[in-house]
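Protein chains: 2
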Amino acid sequence: MDKALGLTKTQKKIIDAAIKVFSVKGFEGSTTSEIAQEAGVAEGTIFRHFSTKKGILQSILLQVVDNYQLLDISDPLVEVIERGDSQSQSKVSSIITQSQEVMQQVPLLKLLFYEAQFHPEMQQMLVERITKPILEQIKEPIVKQQSTGYYRNYNACLMTISLFAPLLGYLVLKQFIPEQENMDEEEAFKQLLDIWLYGVINQ
Amino acid sequence: MDKALGLTKTQKKIIDAAIKVFSVKGFEGSTTSEIAQEAGVAEGTIFRHFSTKKGILQSILLQVVDNYQLLDISDPLVEVIERGDSQSQSKVSSIITQSQEVMQQVPLLKLLFYEAQFHPEMQQMLVERITKPILEQIKEPIVKQQSTGYYRNYNACLMTISLFAPLLGYLVLKQFIPEQENMDEEEAFKQLLDIWLYGVINQ
DNA sequence: TAATAATGAGAGTGATTGCTCACTCTCATT
DNA sequence: AATGAGAGTGAGCAATCACTCTCATTATTA
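The structure is reproduced here in C-alpha cells:
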C-alpha cells in the first residue's frame with residue numbers, strides 16, 4: 313500500500329508539492345491546480361486524499377509536529393546550558409549541523425506560524441506541540457543552574473527567549489538580507505551563545 | 313481637499329479599514345468588498361483611490377515607512393547602549409511606552425514583513441527603509457563602546473541581533489501565548505536588557 | 001447659485017477558484 | 001473471463017473574486 317509514516321506515495325507527493333507552492337506563494341495565494349501540477353497528479357486526485365485545501369495545510373502541520381527533528385535543536389542548547397561553556401565546540405557544531413536542517417525549514421515554519429493565526433486549532437497545536445515543549449525543555453536546565461547559584465535569577469522564561477530569539481532571528485534575517493559578512497555560521501552561533509552565557513553566568 | 317500626510321479622508325478610511333481586515337484575514341484572504349464595508353465606503357470608491365488591491369497594501373507600507381514612530385524604538389535602546397546601564401529607569405520606561413505603541417503595531421508589521429516576501433519591491437523597501445536603518449542606528453553606538461574597550465569585540469551585527477531579537481520575540485510570543493506570568497512588561501524589558509548588557513560589558 | 005468634483009449604491013463582467021462527479025485504469029481475487 | 005475495489009482523471013460547476021460602469025446624490029468650490 314506504499315505507506316511511510318502513514319502517508320502513501322501519492323499523498324507524500326502532494327504534500328511535498330504543497331509545501332513548495334505554499335512557501336513561495338502563501339496559502340491563500342496558492343491554487344489547488346498549481347499544487348496538482350507541481351505534484352504531477354490530476355487536480356481531482358488531491359481531493360481524493362484531502363477533503364479540502366485547508367486539509368492539506370493541516371496535514372503539513374501534522375507532519376511537522378510528528379517530526380522530532382525540529383525539537384532536536386533544543387538538545388545541543390541544553391548541553392550548552394548545562395556546561396555553561398560555549399567553547400565546547402563539538403556541541404556547538406552539532407547545533408550548527410542541526411540548524412542547517414532547521415534553516416532549510418525556516419520558510420516552512422514561517423508559513424505555518426503565520427497561517428496558523430487564521431486557524432485557531434492549528435495555532436493551538438503549534439503552541440502546545442512545538443512552542444511550549446521547546447520552551448519547557450530549555451527552561452528546565454536553566455532553572456537547575458539557577459538553583460545552584462551558577463546562573464542569575466532572572467525569569468527563566470525571559471532567559472529562554474534571550475537564548476532562542478537571537479538564534480532564530482539570525483536565521484530569519486539571513487534569509488532576506490544575505491549579508492555576506494565574512495563570518496561563517498558556526499562562528500556566528502558561537503558568538504550569539506557567548507553573549508547570552510556571559511550575561512547569564514553569575515560573576 | 314482634506315489632505316493629511318498626503319492622504320484624503322476617504323483614503324485614510326480605506327487604509328485604516330484595510331489594515332484591520334488584512335491583519336485579521338491576511339492579504340489574499342481579504343476581499344475588497346470586506347474592506348469597503350469596514351471603511352463604510354462603496355467598493356467602487358476603493359478603486360477610485362487605489363488602482364489595485366495590491367496598491368492598498370503598498371500604500372500601507374508607504375505610510376508605515378514614512379512614519380518615524382517606528383524607528384523611535386531604537387532611540388531609547390541607543391541610550392541604554394551608551395549608558396551601559398539598564399538601571400536608568402527613565403529610559404527603560406520610555407522604551408516600554410514606545411513599545412506599547414509598537415506592540416499594537418506588531419500584527420501590522422508581521423503582515424507587512426510576511427506579505428512582502430511575495431512582492432520583491434515591497435521587500436526591498438522594508439529592508440532598506442526599516443530593517444537596515446534600525447540595525448545601523450543600533451550598531452553605531454555599540455561599535456563606539458567597543459572602541460573604548462567597554463564592550464567586548466563580538467561582531468557588532470550579532471550584538472545588535474542579540475539585543476533586538478529577544479525584545480521583538482517577547483512581544484510576538486506574548487501575542488499568541490498570553491502567558492499571564494505575574495510580571496509586568498516594564499520588568500520584562502528590564503531583565504532582557506540586563507541579560508544582554510552583562511553579556512556585553514567587558515568584565 | 002451654478003458648476004464641478006466626489007461619493008454611494010449596486011448591477012455587471014470576465015476570470016479564477018475550490019471542489020465534484022462520472023468515468024477509466026489497474027490489478028488481485030474469483 | 002468476470003468481478004470488485006480503489007486510485008486516478010479531467011471536464012465542468014457553482015461560487016467568488018478583483019475590478020468596471022452607470023447614475024443619482026451629495027459635498028465643495030467659484
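Chains A and B are the protein sequences, given in the same order.
In the working numbering, each residue's number is its place in the first sequence (first place is 1) plus 312.
In the working numbering, each residue's number is its place in the second sequence (first place is 1) plus 312.
Cβ atoms here follow ideal geometry from the backbone N, Cα and C, with glycine treated the same way.
Could you check whether the Cβ of residue i sits closer than 8 Å to any Cβ belonging to chain B?
i	result
Asp397(A)	no
Asp506(A)	yes
Leu485(A)	yes
Glu498(A)	no
Glu350(A)	no
Tyr426(A)	yes
Val404(A)	no
Quick one: list the residues of chain A neighbouring residue i, beta-carbon separation under 8 Å, in chain order.
i	result
Pro478(B)	Leu470, Ile473, Ser474, Ala477 and Pro478
Lys337(B)	Phe430
Val376(B)	The premise fails here: Val376(B) is roughly 17 Å from chain A at the closest Cβ pair, so nothing lies under 8 Å.
Val333(B)	What Val333(B) touches in chain A: nothing, since even the nearest Cβ is about 12 Å away.
For the candidate residues the options, whose alpha-carbon lies nearest to that of residue i?
i	options	result
Ile385(A)	Leu369(A), Gly367(A), Gln370(A) and Thr409(A)	Thr409(A)
Asp496(A)	Leu470(B), Ser342(B), Ala477(B) and Gln416(B)	Leu470(B)
Phe430(A)	Lys332(A), Glu340(A) and Gln349(A)	Glu340(A)
Tyr426(B)	Leu369(B), Leu475(B) and Val414(B)	Leu369(B)
Gln503(B)	Phe476(A), Thr472(A), Tyr482(A) and Asn467(A)	Asn467(A)
Ser405(A)	Phe501(A), Tyr510(A), Leu509(A) and Trp508(A)	Phe501(A)
Gly318(B)	Thr343(B), Ile372(B) and Lys366(B)	Ile372(B)
Glu498(A)	Leu479(A), Leu374(A) and Tyr510(A)	Leu479(A)
Gly461(A)	Gly396(A), Pro388(A) and Lys365(A)	Gly396(A)
Gly338(B)	Asn379(B), Leu421(B) and Thr364(B)	Leu421(B)
Lys403(A)	Leu509(A), Pro388(A), Ile473(A) and Leu483(A)	Pro388(A)
Leu483(B)	Leu423(B), Thr472(B), Val418(B) and Lys325(B)	Val418(B)
Glu391(B)	Pro453(B), Ile473(B), Trp508(B) and Ala330(B)	Pro453(B)
Val333(B)	Phe359(B), Lys365(B), Arg360(B) and His361(B)	Lys365(B)
Thr472(A)	Leu485(B), Arg464(B) and Asn465(B)	Leu485(B)
Lys349(B)	His361(B), Lys325(B), Ser363(B) and Ser335(B)	Going by the sequence as given, residue 349(B) is Gln instead of Lys. Ranking His361(B), Lys325(B), Ser363(B) and Ser335(B) by Cα distance to Gln349(B) puts Lys325(B) first.
Leu374(B)	Ala428(B), Leu447(B) and Gln449(B)	Ala428(B)
Asn379(A)	Leu509(A), Phe476(A), Asn465(A) and Arg441(A)	Arg441(A)
Gln449(B)	Phe476(B), Ile358(B) and His361(B)	Phe476(B)
Val414(B)	Trp508(B), Asn465(B) and Val376(B)	Val376(B)
Would you identify the three-state DSSP class for residue i, choosing helix, strand or coil?
i	result
Tyr463(B)	strand
Buried or exposed: which applies to residue i, given that a residue is buried once 16 or more other Cβ atoms fall within 10 Å of its Cβ?
i	result
Gln457(A)	buried
Lys321(A)	exposed
Glu394(B)	exposed
Pro490(B)	exposed
Asp506(B)	buried
Gln487(B)	exposed
Val455(A)	exposed
Ala354(A)	exposed
Ser411(B)	buried
Gly352(A)	exposed
Gln323(A)	buried
Ser342(A)	buried
Gly367(A)	exposed
Ser474(B)	buried
Gly481(A)	buried
From the beta carbon of residue i, is the nearest beta carbon of chain A less than 8 Å away?
i	result
Lys451(B)	no
Glu340(B)	yes
Tyr462(B)	no
Gln503(B)	yes
Val439(B)	yes
Chain B partners of residue i, CB-CB under 7 Å?
i	result
Gln435(A)	Phe488
Output, in chain order, the set of chain B residues within a Cβ distance shorter than 9 Å of residue i.
i	result
Thr443(A)	Leu485, Phe488 and Ile489
Met495(A)	Asn467, Cys469 and Leu470
Can you name the residues of chain B whose CB is closer than 8 Å to the CB of residue i?
i	result
Gly481(A)	Ile473, Phe476, Ala477, Leu480 and Gly481
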